[in-house]
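One structure below.
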Amino acid sequence: MKSRRILYISQEINPYLPESDISLTARRLPQGIQELGNDIRIFMPRFGMINERRNQLHEVIRLSGINMIINNNDHPLIIKVASLPTARLQVYFIDNDDFFQRKSLFDPEPKGENDNDERSIFFVRGALETVKKLRWIPDIIHCHGTFTALGMLYLRKFYNDDPCLKKAKLVFSLYNEAQPVEMTEHLFESLKFDKFKPAATSVMQGKTDYTALSKLAIHYAHGVVQGSPELAPELKSYIEETGVNFLPFPGLEFDAAVYNEFYKQILP
1 MKSRRILYIS QEINPYLPES DISLTARRLP QGIQELGNDI RIFMPRFGMI
51 NERRNQLHEV IRLSGINMII NNNDHPLIIK VASLPTARLQ VYFIDNDDFF
101 QRKSLFDPEP KGENDNDERS IFFVRGALET VKKLRWIPDI IHCHGTFTAL
151 GMLYLRKFYN DDPCLKKAKL VFSLYNEAQP VEMTEHLFES LKFDKFKPAA
201 TSVMQGKTDY TALSKLAIHY AHGVVQGSPE LAPELKSYIE ETGVNFLPFP
251 GLEFDAAVYN EFYKQILP
């Protein structure tokens, strides 16, 4: 396989967040794929529970300063970066005071409303807008976790004509998440603001839970990876129904070459 550009967008990465199926895979996979000769970029949210000083995060001024409108509200995009320990890799962090200051992953502010729909949209769009600003054109965009599921929708329906992103093949990794992100039906209002028609999310059947978000991602992905040993039977059935390229759980012994072969099946 010739050198490819692969963009990783993950809701969690270890050591910045505790160990989980998602955070460990999102840590090991980019390094393994890079060591096989590929060019890598990695993005995650700058959740408030991440210690910036200990992890040596610093703002990238030249990439910050974009203002994104989510639901008719203006939110400044702040980009921070840190180097992964023991690896020649950098992680880009998407930050914003309105969305990522609280000391939790997906819990709303005390006495605040659940705004995970807006937070997720801001995160995935922020990552994609930053990639555009880097003028780095990915061959594959691989998203991890349901907080990134909306990325599949935006890439297929919002950025589908963007010269930087339109040719990328989309991969989504499904996990048995300990704390799945919870969204409210306000999500559909947020998407309506970005000109999405109801048909774009019809596979969700009006729901916004883990299963509905996973089905949305599967629907728009070119490839799906089972990231945990166990996966809900309903999602397995839906994967079979769609006929999407599928990589079953690769096993507990991590091997980046398995993912590399899967990428080969999807790329032209």
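The numbering of the sequence shown is full-length UniProt numbering, which starts it at 1 and goes up by one. The beta-carbon is built from N, C-alpha and C at its ideal position, and this holds for glycine as well. Because the structure is a prediction, the values reported are computed rather than measured.
Inter-residue Cα distance where the pair is residue i and residue j
| i | j | result |
| --- | --- | --- |
| S214 | K111 | 28 angstroms |
| A250 | T25 | One point to set straight first is that residue 250 is Pro, not Ala, in the sequence displayed. Going by the C-alpha atoms only, they are around 11 angstroms apart. |
| R62 | P233 | 46 angstroms |
| R53 | Y16 | 11 angstroms |
| H186 | L7 | 29 angstroms |
| A221 | I239 | 10 angstroms |
| residue 271 | I66 | No statement about residue 271 is possible, as the shown extent of the chain runs from 1 to 268 and does not include it. |
| E230 | P248 | 10 angstroms |
| L216 | K2 | 31 angstroms |
| S173 | A82 | 24 angstroms |
| S20 | L128 | 25 angstroms |
| K167 | Y159 | 10 angstroms |
| P198 | E12 | 29 angstroms |
| S237 | V244 | 11 angstroms |
| P108 | E59 | 25 angstroms |
| V258 | C143 | 17 angstroms |
| A212 | F262 | 25 angstroms |
| M44 | V131 | 13 angstroms |
| G151 | K192 | 16 angstroms |
| L89 | I218 | 28 angstroms |
| V91 | E241 | 35 angstroms |
| A149 | N71 | 18 angstroms |
| S64 | R135 | 15 angstroms |
| N55 | D95 | 15 angstroms |
| F99 | I121 | 11 angstroms |
| L235 | V225 | 12 angstroms |
| P268 | E113 | 44 angstroms |
| I78 | G206 | 32 angstroms |
Presumed contact (8 angstroms Cβ cut-off) between residue i and residue j, rounded CB distance
| i | j | result |
| --- | --- | --- |
| R5 | P138 | 5 angstroms |
| P180 | Y154 | With 8 angstroms as the limit, P180 and Y154 do not qualify as a contact, their Cβ atoms being about 20 angstroms apart. |
| F196 | K157 | 6 angstroms |
| M183 | T208 | 4 angstroms |
| G223 | E177 | Not quite, the Cβ-Cβ distance comes to about 19 angstroms (not below 8 angstroms), so this is no contact. |
| I9 | V124 | 7 angstroms |
| E118 | S190 | 6 angstroms |
| R102 | G48 | 5 angstroms |
| A256 | I42 | The Cβ separation is near 14 angstroms, so there is no contact. |
| F254 | R28 | 5 angstroms |
Strand pairing of residue i, partner residues [DSSP]
| i | result |
| --- | --- |
| P180 | DSSP lists no partner for P180. |
| E59 | K80 |
| R27 | According to DSSP, R27 bridges with nothing at all. |
| S64 | In DSSP, S64 forms no bridge with anything. |
| M49 | DSSP, once it has assigned bridges, lists no residue as partnering M49. |
| R41 | L7 |
| V171 | H142 and G223 |
| F246 | V224 |
| I69 | D74 |
Contact test: residue i Cβ vs the ligand FAD heavy atom, cutoff 8 angstroms
| i | result |
| --- | --- |
| N71 | Absence of the ligand FAD is noted for the structure shown, with no ligands found whatsoever. |
Any beta strand (DSSP E) of 3 or more consecutive residues that is wholly inside the region 71-158: 73-76, 78-83, 90-95 and 140-144
Beta strand (DSSP E) runs contained entirely in the region 199-236, provided each spans 3 or more residues: 223-226
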